[in-house]
Amino acid sequence: MATTNANNNTDAENTIEFNFTYIESRSSTWSTTHSWMVGMRVSASFKIPFIGGLEVSTYGEFSGSYDWGETITTEKTLETIY
Numbered sequence: 023m024a025t026t027n028a029n030n031n032t033d034a035e036n037t038i039e040f041n042f043t044y045i046e047s048r049s050s051t052w053s054t055t056h057s058w059m060v061g062m063r064v065s066a067s068f069k070i071p072f073i074g075g076l077e078v079s080t081y082g083e084f085s086g087s088y089d090w091g092e093t094i095t096t097e098k099t100l101e102t103i104y
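The sequence shown maps to residues 23 to 104 in the working numbering.
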């Protein structure tokens, strides 16, 4: 809160002017990144006819990130003109 006193110790009329300015800006950011990967591996080997091995494997991967941000700028100006 701003306060001031103005005294006029003469018989002449005097004026005072106040200019108030208030500025507030706010910005928010949000971003996300996701990545998925799914796969399958199959390998077979045959050393003896009709007898062999078969191997099957599956895999999966997931990665992700989130980013939040906020910037607040406040500016207050008080100007007095006599």
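Built from N, CA and C at the ideal position, the CB exists for glycine as well.
- In the three-state DSSP reduction, ASP89 falls in the strand class (E or B).
- Shown here for LYS98: same chain residues with a beta carbon closer than 6 Å to its own, the five before and five after excluded, namely TYR44 in chain order.
- Straight-line spacing of the CA atoms in HIS56 and ASP89 works out to 12 Å.
- By the CB criterion at 8 Å, ASN36 and ASN30 fall inside the cutoff.
- With respect to the 8 Å criterion, GLY91 and THR51 are classified as neighbours on the basis of their beta carbons.
- The DSSP-derived three-state label of ILE45 is strand.
- Between the C-alpha atoms of THR25 and SER49 there is a straight-line separation of about 32 Å.
- Inclusion of MET59 and GLU83 in the CB contact set at 8 Å is warranted, their separation being smaller than that value.
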